[in-house]
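Using the numbering used here, you'd call the opening residue of the sequence shown number 688 and step up by one each time. Ideal placement from N, C-alpha and C gives every residue a C-beta, glycine not left out. Since this is a predicted model, take the numbers as computed values, not measurements.
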Amino acid sequence: MEQIKLFPQINEYRVYESQYLDNRFEVLMIPGAWSYEAMEAWYPGTIWNPGGRHTIMYSDWEGYKGRTKYAKIGGCYYAARLAVGELLTRERSQARVIVLREARPGYVMPVGVWQVRENVRNAMRQKPLKYDTLQEALARIASRFEIPLKHWIESSMLIQNTLFQRRITDYHQ
688 MEQIKLFPQI NEYRVYESQY LDNRFEVLMI PGAWSYEAME AWYPGTIWNP
738 GGRHTIMYSD WEGYKGRTKY AKIGGCYYAA RLAVGELLTR ERSQARVIVL
788 REARPGYVMP VGVWQVRENV RNAMRQKPLK YDTLQEALAR IASRFEIPLK
838 HWIESSMLIQ NTLFQRRITD YHQ
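Dropping the structure here:
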């Protein structure tokens, strides 16, 4: 990740997509300095929510300086980060990256973090959908997920930060 921080920032909002084994991945790249978040939503009846009545969400994130503790959501966090890091290194660019995953009821037996890594790699091989605004990119993601966008926003440190935190450039004309 240290090498990625040396590259220029992307200049558009991007969405990459992949679906496999009843897992849907949406990868959102936002112009800005490197930061990363992985989010997972597990439907009732899935392995991490077997008796649940509602979808449960997990997330973890890192800022520009990285992490000091192991991610709470485990190896999937690092597997997805590796895949997006490979693309950014090839492109010689950096971005704020949020990997959003819906693990749906058909995903009955987790097959390991390799599935996350390869699903995100597959998304990175697709041509990205490009948008001028975060709202447009989020609308695309909302159209692909069954979980309402507001739940993703409420659970995401980086989306909230991007939407609601004022920057000094907001005041400079």
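Beta-ladder partner(s) of residue i, from DSSP
i              : result
threonine 733  : Asn736
glutamine 706  : Arg711
serine 722     : Arg783
methionine 796 : Answer by DSSP bridge pairing: none, since methionine 796 is not bridged.
alanine 728    : Met744 and Glu789
leucine 816    : Val702
methionine 716 : Arg701 and Val784
glutamine 861  : The question about residue 861 has no answer, for the chain in this structure spans 688 to 860.
glycine 750    : Gly753
glutamine 847  : Paired residues: none, contrary to the question.
glutamine 696  : Gln781
For residue i, the nearest candidate out of the options (CA to CA)
i              : options                           : result
lysine 759     : Met744, Ala770 and Val771         : Met744
glutamate 704  : Gly762, Glu789 and Lys837         : Glu789
glycine 739    : Glu749, Asp747 and Ala728         : Ala728
proline 815    : Val798, Leu774, Phe851 and Gly793 : Leu774
proline 797    : His838, Gly762 and Met688         : Gly762
glutamine 706  : Ser780, Gly793 and Thr742         : Gly793
alanine 734    : Val803, Arg804, Val795 and His838 : Strictly speaking, residue 734 in this sequence is isoleucine, with alanine absent from that position. For isoleucine 734, the nearest C-alpha among the options comes from Val795.
glutamine 802  : Tyr757, Tyr751 and Leu769         : Leu769
isoleucine 697 : Thr755, Lys817, Asn848 and Lys752 : Lys817
Beta carbon of residue i nearer than 8 angstroms to that of residue j
i              : j              : result
asparagine 710 : arginine 791   : yes
isoleucine 691 : leucine 821    : no
glutamate 699  : tyrosine 723   : no
leucine 850    : leucine 836    : no
leucine 708    : leucine 787    : no
valine 807     : alanine 782    : no
serine 746     : serine 830     : no
tyrosine 757   : threonine 742  : no
glycine 732    : methionine 688 : no
CB-CB length for residue i against residue j, believed under 8 angstroms
i                 : j              : result
isoleucine 861    : isoleucine 846 : Nothing can be reported for residue 861: it is not among the residues displayed for the chain, which extend from 688 to 860.
phenylalanine 712 : alanine 810    : 5 angstroms
tyrosine 764      : alanine 725    : 4 angstroms
valine 784        : valine 800     : So it is not a contact: roughly 17 angstroms between Cβ atoms.
arginine 827      : valine 702     : 5 angstroms
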